[in-house]
Amino acid sequence: MKRLASLLLVSVFAGAITLGAYKLFFEKENFTIISQENNGGVINASYTPTSARGAGINEVDFTTAAENTVNAVVHVKNITISKGPTTIFDVFYGTGGTAVPQIGTGSGVIISSDGYIVTNNHVINKANQLQVTLNNNRTYNAELIGTDPNSDIALIKIDPDEKLPYLAFGDSDHTKIGEWVLAVGNPFNLTSTVTAGIVSAKARNLGKNQSFIQTDAAVNPGNSGGALVNTNGDLVGINTAITSQTGSYVGYSFAVPSNIAKKVVQDILEYGNVQKGFMGISPAPVNTRDAIEKGINNIDGVFIELVEEESAAQEAGIIVGDIIKKVDEIDVHKYPDLTGYLSSKRPGDTLAFVIDRDKELLTLPLVLKERQKLVVPEMGLEVKNLTEHDKKVYKTTSGVKITGVPERYRGYGLSEKVIVKVDDHEIGNIDDAYTAFGSISKYGKTVIVMVGSNGERDRLIFQ
211 MKRLASLLLV
221 SVFAGAITLG
231 AYKLFFEKEN
241 FTIISQENNG
251 GVINASYTPT
261 SARGAGINEV
271 DFTTAAENTV
281 NAVVHVKNIT
291 ISKGPTTIFD
301 VFYGTGGTAV
311 PQIGTGSGVI
321 ISSDGYIVTN
331 NHVINKANQL
341 QVTLNNNRTY
351 NAELIGTDPN
361 SDIALIKIDP
371 DEKLPYLAFG
381 DSDHTKIGEW
391 VLAVGNPFNL
401 TSTVTAGIVS
411 AKARNLGKNQ
421 SFIQTDAAVN
431 PGNSGGALVN
441 TNGDLVGINT
451 AITSQTGSYV
461 GYSFAVPSNI
471 AKKVVQDILE
481 YGNVQKGFMG
491 ISPAPVNTRD
501 AIEKGINNID
511 GVFIELVEEE
521 SAAQEAGIIV
531 GDIIKKVDEI
541 DVHKYPDLTG
551 YLSSKRPGDT
561 LAFVIDRDKE
571 LLTLPLVLKE
581 RQKLVVPEMG
591 LEVKNLTEHD
601 KKVYKTTSGV
611 KITGVPERYR
621 GYGLSEKVIV
631 KVDDHEIGNI
641 DDAYTAFGSI
651 SKYGKTVIVM
661 VGSNGERDRL
671 IFQ
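The opening residue of the sequence shown carries number 211 in this note's numbering; numbering runs sequentially from there.
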């Protein structure tokens with residue numbers, strides 16, 4: 211009897227050990243998380259421990275996005291004719307040198323079935339002829355529709371024999387850091403090349419007062435103008451630049467956000483040029499001794515140092531010392547966050563600004579206006595549109611006021627004068643001034659007519 215009891219005890223003990231081992235080594239844990247929703251219902255969600263999860267990247271399917279994208283990305287060839295070195299025979303016979311074709315290549319993205327293609331401005335810059343080769347190896351001559359050097363976006367057009375595959379613009383404002391993306395283009399003339407990476411950062415400023423998406427997807431010369439897409443195949447950026455001492459990919463690349471590219475394309479098609487909305491503020495510079503001493507470097511947001519007179523910001527009630535924290539649904543941590551969002555807007559658009567004023571959050575509606583200030587070409591004068599007060603003081607209804615003078619012109623008494631005429635061009639606003647100064651000949655003379663604060667007129671001649 212004792213022996214039977216001992217055997218029974220050993221069997222129970224062995225069974226317990228076996229069951230425990232199975233639970234420990236073979237059965238995966240599964241937790242149920244219960245949370246209360248607003249409607250009072252209960253939802254169940256399974257949670258699998260990290261050790262039992264997939265490898266991350268293996269769970270992402272790139273194939274569909276890649277297959278759709280490669281057929282919408284094209285190879286762009288830029289043919290530029292330049293004069294070769296002048297020989298003694300060219301001088302003697304007056305031929306002026308031999309015409310030498312130079313070929314540059316890049317990528318482009320088809321955005322409509324009838325052949326509109328978005329690419330980079332630097333891909334097509336100074337082209338005498340543009341050729342586009344599709345993924346099926348068919349080649350077409352392309353026409354330049356319009357370009358915006360500031361955003362480095364250009365729009366070209368081909369006339370295909372059939373409807374083309376194309377990509378739809380996605381919403382780049384909703385891309386997230388860490389999100390998977392594909393870069394598709396033609397690096398080193400290797401057509402239909404796909405590389406994968408993640409969004410490394412947003413709102414990068416490369417010294418161009420522009421906001422870029424940074425990724426670690428491999429991008430090399432020839433990728434410029436190609437597509438940056440998410441795993442759904444949505445176009446979220448136009449690959450534009452790399453930062454490298456060797457000229458090749460070193461770990462990160464940059465793309466123009468799709469919201470900016472889309473807006474530039476729409477403006478070119480609708481207006482023939484890019485419509486830019488301005489709010490009229492200057493941020494406090496960061497990483498300076500003054501910024502460090504005042505604690506501006508530690509501010510999360512954009513600290514406003516200057517508000518232009520009669521600007522959109524002034525009319526909205528924004529003042530010096532305000533800190534911009536948010537615009538619409540976009541959080542503003544630094545200045546490129548703000549400029550990147552404004553680049554996708556036009557004059558007349560109404561935006562909601564969240565302002566920190568003395569630690570109190572205010573929401574102010576702001577209607578963007580056209581540019582009120584710029585630096586004109588050639589002479590480099592900074593000018594601004596006249597305010598109603600300026601018009602009364604200077605006794606003129608048109609012209610632009612000089613607010614900044616380069617060092618080489620500071621002895622001519624130009625500061626605070628109003629320019630009303632440049633050569634034969636009447637100046638009504640800063641757009642007129644930009645056009646007039648842009649047409650100045652480097653080899654001829656320029657006549658500038660100005661008005662002083664007492665209404666007196668000056669006429670200066672520059673050689």
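C-beta atoms are modelled at their ideal positions from N, C-alpha and C, and glycine is treated no differently.
Quick one: what does DSSP say residue i is sitting in, helix, strand or coil?
i    : result
P495 : coil
I355 : strand
H332 : helix
F488 : strand
Q673 : coil
V537 : strand
L624 : coil
P375 : coil
G428 : The sequence given here has Ala at residue 428, not Gly. Residue state, collapsed to three classes: coil.
S463 : strand
K473 : helix
Y653 : coil
F208 : Residue numbering for the chain in the displayed model covers 211 to 673; residue 208 lies beyond these limits and cannot be assessed.
S410 : strand
S421 : coil
G318 : strand
G609 : coil
A337 : coil
K544 : coil
K504 : helix
Q582 : coil
E666 : coil
G550 : helix
R618 : helix
P557 : coil
V661 : strand
Do residue j and residue i have their beta-carbon atoms positioned less than 7 Å apart in this structure?
i    : j    : result
V446 : G550 : no
V283 : S323 : no
V537 : L561 : yes
I491 : V517 : yes
F513 : A526 : no
K544 : L578 : no
K601 : K594 : no
S402 : V280 : yes
I423 : P467 : yes
S421 : P546 : yes
V429 : N415 : no
Y459 : D426 : no
G356 : I478 : yes
Select from the options the residue whose C-alpha is nearest the C-alpha of residue i.
i    : options                   : result
D568 : L340, A471 and I533       : I533
Q312 : E277, G325, S292 and I320 : S292
F272 : I671, A337, Y376 and V391 : V391
V615 : K605, I629 and G461       : I629
D371 : F422, E389, L344 and N360 : L344
F563 : G511, G325 and E666       : G511
I633 : R669, I355, A337 and G623 : Looking at the sequence provided, one finds Asp at residue 633 rather than Ile. When only C-alpha atoms are compared, the closest one is R669.
N442 : G325, E277 and T645       : E277
T315 : A501, R620, G432 and Y619 : G432
Might you give, ordered along the chain, the residues of its own chain that have their beta carbon closer than 7 Å to the beta carbon of residue i, omitting 5 neighbours on each side?
i    : result
I506 : A494, V496 and F513
G325 : K367, I368, D369, P370 and L374
CB-CB under 6 Å to residue i, same chain, minus the five flanking residues each way: which ones, in chain order?
i    : result
F672 : T656
D566 : I533 and K535
T613 : E592 and K594
V439 : A275, T279, L392 and L445
Y376 : A282, I320, I321, S322 and S323
Given residue i, which residues of its chain have a CB within under 8 Å of its CB, disregarding the five upstream and five downstream residues?
i    : result
A265 : Caution applies to A265, whose pLDDT of 42 falls short of 50 and renders its modelled position unreliable; the value that the coordinates give is listed next. If we look at A265 and ignore the five residues flanking it on each side, it has no Cβ neighbours.
I327 : V284, V286, G318, V319, I320, I321, V342, A352, L365, I366, K367 and I368
F488 : S521, A522, L552, P557, L578, K579, E580, R581 and Q582
L340 : V286, K287, N288, I289, I334, N351, A352, E353, L354 and I366
Y644 : L584, V586 and P587
V404 : F272, A276, T279, V280, L392, A393 and V394
Counting pairs of beta carbons, one from the region 604-620 and one from the region 651-670, are three or more of them closer than 8 Å?
yes
Counting Cβ pairs closer than 8 Å, one from the region 466-474 and one from the region 355-364, do we hit at least three?
yes
Is it a yes or a no for the region 337-353 touching the region 381-392, going by three-plus beta-carbon pairs under 8 Å?
no
At least 3 beta-carbon pairs within less than 8 Å: the region 273-289 vs the region 394-401
yes
I'd like to know if the region 324-340 and the region 404-420 are in contact, where contact means that at least 3 CB-CB pairs between them fall below 8 Å.
no
Taking 8 Å as the threshold, find out whether the region 646-655 comes into contact with the region 581-601 through three or more Cβ pairs.
yes
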